[in-house]
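Beneath this line is the structure, given in structure tokens, with notes to follow.
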Amino acid sequence: MTARVVSQLGYPLAGALAILAAWFLACSAVNIPTVVLPSPDKVLHAFIGRFDLLVSEGWITLKETLFGFLLAVAVGIPMAVAVANSRPLNLMFYPLLVGLQSVPKVALAPIILVWLGTGIESKLAIVWLVAFFPIIVDTTAGLQSTPKEFVELANSLRASPVQMFMKVQFPAALPFVLTGAKVAITLAVIGAVIGEFVGSSEGLGFLLLSATSQLDTPLAFAALFALSFLGVLVYLLVELVEHLVAPWLPPSSQRH
Amino acid sequence: MTFGTVRNVRKVFAAGELLSGAGEPVVALDDASFDFDRGRLVALLGPSGCGKTTLLRIVAGLISKTSGSVTIDGHEVDKPLGNYGFVFQAPSLMPWRNVLDNVLFPMEILRRRNKAARTRAAELLDLVGLSGFMRARPHQLSGGMQQRVALCRALIHQPKLLLMDEPFGALDELTRLEMNDLLLRIRGETGASVLFVTHSISEAIYLSDKVIIFSRRPARVSRQIDIDFPYPRSQRVRFTAAFTEAERVASEALGVLAPGIEPGQGVQ
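As given, the protein sequences belong to chains G and H, one line each in that order.
The numbering used here numbers the first residue of the first sequence as 111 and each following residue consecutively.
The numbering used here numbers the first residue of the second sequence as 854 and each following residue consecutively.
Written out as structure tokens, the structure is:
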């Protein structure tokens, strides 16, 4: 047990420390100006000194990410159910959805800003847009790949369409839904930051942008780290939900 | 007393209907006919891909037939009658349910999941030697244990008919023999009629009252053999001259005995 903790936590920690040390040495040995690359201690100093600011801006970005993601789930799953179970809808839209998935949706951000302004609405729309596709595509794929024997078993007992969906099709698709959700939450953070880059007066993305424009690079790096923590946090939230709704799934590290 | 009849059943899959993506229609079954009596165990024996599995699904009402008629207990089958249990080749347990909930799945669909159902599920699991695994997840069980759970699931709603599609085909030889004896014991206690698809000659003879032998695709019934060993049977019956003779007759009907080659002395 202890040996596993050491190998699972100890080694990555040692790797991170090695990178930090290299970063620190590079800054002091080559004498890189702080405005180009601040040394880790200056970043840490900015992180602690401006912690209140990082938390209040991070809170904005967290809200944009989570609400946009939840909107994508709320719209994506019912639409996936329709596309998976209706042959005409499937033929009309499934190829489009798969095709659109590889289009860089963030390119729409400036246009969405024109439509919805610089408030939270435009951020929610951008986050929704990037998170929606993995959710609807993966959920549709899951709903369409119900094991044949489960369907036959339910049919042999004359299950109603509602029973078929609730007791067979949806639970069987749940691993796909959760995989889509994990991709979506990662993209949602990116969407929120892009939205803030393009036009905003708050959030970590805005803070990053304004810090660099004022040549306050240590603060920009502190915002970058705060964003990373935020990304890991929301991902872990989705993993927690996965553990709650599908405790029977093996941990993602042991799959495949 | 006749329980089920299969009359002139023919099944043609339209071009492209099968996963194999065949470009032309496939005749899976060509004129299959046989009867079976209440409480009997009937084996459907034939080469792989001969259409016996298709016939089983037609009897189950899960797929349509092109022509012919099937009746079970006096009712014409053209959709599932819901009065039988089905055991698939793979255990097909739902990974999101534990063992007990998998066994109770049919009772939920039939809206009869109650205390009596839970008691019966526990009894069935006890009967197959899995009473200690009610809360286990399917992936924690071996293949043989999973198939025993599937057997309990097929029996939970006390069906009069059990349809089994090569249920032990994926198991190792020893587990398979064990499962054969378990099936015979369970059938002795429930009195259900059983249709059992297999491609094992000795399994068909060991288990059944009657073996229906199918030809290669398109399948026809090429021979019916009555098996007279009394139940309960033990594995010793496999080593009798009568069993070997039944195997010879079945092998001949399946066309696996090439004429003219005499066997040498196998064991000194």
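No residue lacks a Cβ here, since even glycine has one placed at the ideal position from N, Cα and C.
Quantities reported herein were computed from a predicted structural model and do not represent experimental measurements.
Contacts of H:Ser945 in chain G (Cβ-Cβ under 8 Å)
Residue mapping note: residue 945 of chain H aligns to position 92 of the second sequence, counting from 1. Pro257, Glu259, Phe260 and Leu263, listed in chain order.
Review point. By the criterion of Cβ-Cβ separation under 8 Å, what are the contact partners of H:Phe939 in chain G?
Key: What you label residue 939 of chain H is simply residue 86 of the second sequence in a count that begins at 1. Within 8 Å Cβ-Cβ: Glu262, Leu263 and Ser266.
With burial defined as no fewer than 16 other Cβ atoms inside 10 Å of the residue's Cβ, what is the status of G:Phe134: buried or exposed? Within the first sequence, residue 134 of chain G is the residue found at index 24, counting from 1. When all chains shown are included, G:Phe134 counts as exposed.
Does the beta carbon of H:Val859 sit closer than 9 Å to a beta carbon anywhere in chain G? By one-based count along the second sequence, residue 859 of chain H stands at place 6. Not closer than 9 Å to any Cβ of chain G, the Cβ of H:Val859 fails to qualify, so no.
Of the residues H:Ala970, H:Arg1101, H:Phe1049 and H:Ser945, the one placed nearest H:Leu909, counting alpha carbons only:
The count along the second sequence starts at 1 and reaches residue 909 of chain H at position 56. For H:Leu909, the nearest C-alpha among the options comes from H:Phe1049.
Where are the alpha helix (DSSP H) runs, 4 residues long or more, that stay fully inside the segment 154-215 of chain G, in chain order?
Entirely contained in the segment 154-215 of chain G, the alpha helix (DSSP H) runs reaching 4 residues are, in chain order, 161-195 and 197-211.
Whose C-beta lies closer than 7 Å to the C-beta of G:Val334 among residues of the same chain, with five residues either side of it excluded? Walking along the first sequence from the start, residue 334 of chain G turns up at place 224. One point to set straight first is that residue 334 of chain G is Leu, not Val, in the sequence displayed. So the qualifying residues of the chain are Leu318.
* Asked: Which residues, in order along the segment 958-975 of chain H, keep a beta-carbon less than 8 Å from a beta-carbon of chain G?
  -> Shown in chain order are the members of the segment 958-975 of chain H whose Cβ falls below 8 Å from a Cβ of chain G: Phe958, Pro959, Glu961, Ile962 and Leu963.
TODO: Measure from the alpha carbon of H:Ser1055 to the alpha carbon of each residue in H:Arg893, H:Ala1003 and H:Gly1022, then state which is nearest.
DONE: Residue numbering aside, residue 1055 of chain H sits at position 202 when the second sequence is read from its first letter. Cα-wise, what sits closest to H:Ser1055 is H:Gly1022.
Does the distance from the C-beta atom of G:Ile236 to that of G:Gly301 stay below 9 Å?
As a working note, residue 236 of chain G is residue 126 in the first sequence. As a working note, residue 301 of chain G is residue 191 in the first sequence. Taking a C-beta distance under 9 Å as the contact criterion, G:Ile236 and G:Gly301 qualify as a contact pair.
ask   = Are any of the Cβ atoms in chain H nearer than 9 Å to that of G:Leu284?
value = For the purposes of this step, residue 284 of chain G is taken as residue 174 along the first sequence, with counting starting at 1. Chain H places a beta carbon closer than 9 Å to that of G:Leu284, counting this residue as a contact.
Quick check: the Cα distance between G:Ala190 and G:Thr250, rounded to an integer number of angstroms? As a first step, residue 190 of chain G is located in the first sequence; it is residue number 80 there, counting from the start. As a first step, residue 250 of chain G is located in the first sequence; it is residue number 140 there, counting from the start. Their Cα atoms are separated by approximately 5 Å.
Tell me whether H:Gly914 counts as near the ligand SAM, meaning its Cβ is closer than 8 Å to at least one heavy atom of that ligand. This structure lacks the ligand SAM; in fact it carries no ligand of any kind.
Comparing the C-beta of H:Ala913 with each C-beta of chain G, is any distance below 9 Å? The sequence position of residue 913 of chain H within the second sequence is 60, counting from 1. Taking 9 Å as the threshold, the shortest C-beta distance from H:Ala913 to chain G falls below it.
Which residue comes first and which comes last in the alpha helix (DSSP H) that contains H:Lys905?
The count along the second sequence starts at 1 and reaches residue 905 of chain H at position 52. Counting along the chain, the alpha helix (DSSP H) containing H:Lys905 begins and ends at Lys905 to Val912.
Check: Within 9 Å (strictly less), CB to CB, does H:Glu1044 reach chain G?
Finding: Start at 1 with the first residue of the second sequence, and residue 1044 of chain H comes out as number 191. Note that residue 1044 of chain H is Gly in the sequence shown, not Glu. Chain G contact via Cβ: absent.
Task: Cβ shell of G:Val308 (< 6 Å), same chain only, five flanking positions each side left out - done: The count along the first sequence starts at 1 and reaches residue 308 of chain G at position 198. For G:Val308, where only same-chain residues beyond five positions count, the Cβ hits under 6 Å are Ala219, Pro220 and Leu223.
Ignoring anything shorter than 3 residues, give me the beta strand (DSSP E) runs that lie fully in the segment 867-949 of chain H, in order along the chain. Fully enclosed beta strand (DSSP E) runs of 3 or longer: 879-890, 894-898, 920-925 and 937-940.
*asked:* Please report whether the beta-carbon of G:His366 lies at a distance below 9 Å from any beta-carbon of chain H.
replied: On the first sequence, residue 366 of chain G is found 256 positions in, with the first residue counted as 1. Residue placement at G:His366 cannot be trusted, given a pLDDT of 44 that sits under 50; the coordinates are not used to answer.
Hey, H:Leu898 and H:Ala1057: beta-carbon distance below 9 Å or not? Along the second sequence, read from residue 1 onward, the residue named residue 898 of chain H stands at position 45. Along the second sequence, read from residue 1 onward, the residue named residue 1057 of chain H stands at position 204. Yes; because the gap between Cβ atoms is below 9 Å, this pair is in contact.
Problem - Cutoff 9 Å: H:Arg910 Cβ touching any chain G Cβ - result: The residue you call residue 910 of chain H lines up with position 57 of the second sequence. So, interface residue.
*asked:* Counting C-beta neighbours from all protein chains within 10 Å, is the total for G:Phe179 16 or more, i.e. buried, or is it exposed?
replied: Here residue 179 of chain G corresponds to residue number 69 of the first sequence, with the count starting at 1. By the neighbour-count rule (16 or more Cβ atoms within 10 Å), G:Phe179 is buried.
> Can you check whether the CB of H:Met1032 is closer than 9 Å to the CB of H:Arg1001?
Replying inline: On the second sequence, position 148 is the one that residue 1001 of chain H refers to. On the second sequence, position 179 is the one that residue 1032 of chain H refers to. Yes, these two residues count as a Cβ contact at 9 Å.
Taking DSSP's pairing of strands, which residues face H:Phe1049 in a bridge?
The residue you call residue 1049 of chain H lines up with position 196 of the second sequence. As computed with DSSP, H:Phe1049 is found in a beta bridge with H:Ala896 and H:Met1017.
Any C-beta of chain G within less than 7 Å: which residues of the segment 978-993 of chain H qualify? From the segment 978-993 of chain H, only Arg990 have a Cβ closer than 7 Å to chain G.
Proximity of H:Val930 and H:Met987 at Cβ, strictly below 9 Å:
Working through the second sequence from its first residue, we reach residue 930 of chain H at position 77. Working through the second sequence from its first residue, we reach residue 987 of chain H at position 134. Between H:Val930 and H:Met987, the C-beta gap is not smaller than 9 Å, which leaves the two residues out of contact.
Find the residues of chain G that neighbour H:Gly935, judging by a C-beta separation of less than 8 Å, and give them in chain order. Mapped onto the second sequence, residue 935 of chain H falls at position 82. Within chain G, the residues near H:Gly935 are Ser266, Leu267 and Arg268.
>> In the DSSP output, which residue or residues are listed as bridge partners for H:Asp1079?
In response: Counted from its first residue, the second sequence places residue 1079 of chain H at position 226. H:Asp1079 is bridged to H:Lys1063.
Quiz prompt | Proximity test, Cβ basis, 9 Å: H:Arg950 and chain G | solution = Numbered from 1 along the second sequence, position 97 holds the residue referred to as residue 950 of chain H. Chain G, which has a Cβ nearer than 9 Å to the Cβ of H:Arg950, makes this yes.
Q) Are any of the Cβ atoms in chain H nearer than 9 Å to that of G:Val278? A) Mapped onto the first sequence, residue 278 of chain G falls at position 168. With a threshold of 9 Å between beta carbons, G:Val278 makes contact with chain H.
| message | Contact criterion: CB-CB distance below 9 Å. Does H:His928 meet it with respect to chain A? | response | The structure shown contains no chain A; the protein chains it does contain are G and H.
Check: Cβ of H:Val956 within 9 Å of Cβ of H:Arg1006?
Finding: Position 103 of the second sequence, counted from the first residue, corresponds to residue 956 of chain H. Position 153 of the second sequence, counted from the first residue, corresponds to residue 1006 of chain H. Less than 9 Å separates the beta-carbon of H:Val956 from that of H:Arg1006.
Please decide whether G:Pro281 counts as near chain H, where near means a Cβ-Cβ distance under 9 Å.
As a position in the first sequence, residue 281 of chain G is number 171, starting the count at 1. Judged by the 9 Å Cβ criterion, G:Pro281 is in contact with chain H.
Report task. Measure the CB-CB distance between H:Thr924 and H:Ile916 and report whether it falls below 9 Å. Result -> Stepping through the second sequence from its first residue, residue 924 of chain H is reached at position 71. Stepping through the second sequence from its first residue, residue 916 of chain H is reached at position 63. No, they are not a contact pair.
Exercise. Quick one: grab the DSSP three-state call for H:Val865.
Key: Within the second sequence, residue 865 of chain H is the residue found at index 12, counting from 1. In this structure, H:Val865 counts as strand in the three-state DSSP scheme.
task: Excluding the 5 residues preceding and the 5 following G:Glu306 in the sequence, name in chain order all residues of the same chain whose CB lies nearer than 6 Å to its CB.
output: Start at 1 with the first residue of the first sequence, and residue 306 of chain G comes out as number 196. So the qualifying residues of the chain are Gly313, Gly315 and Phe316.
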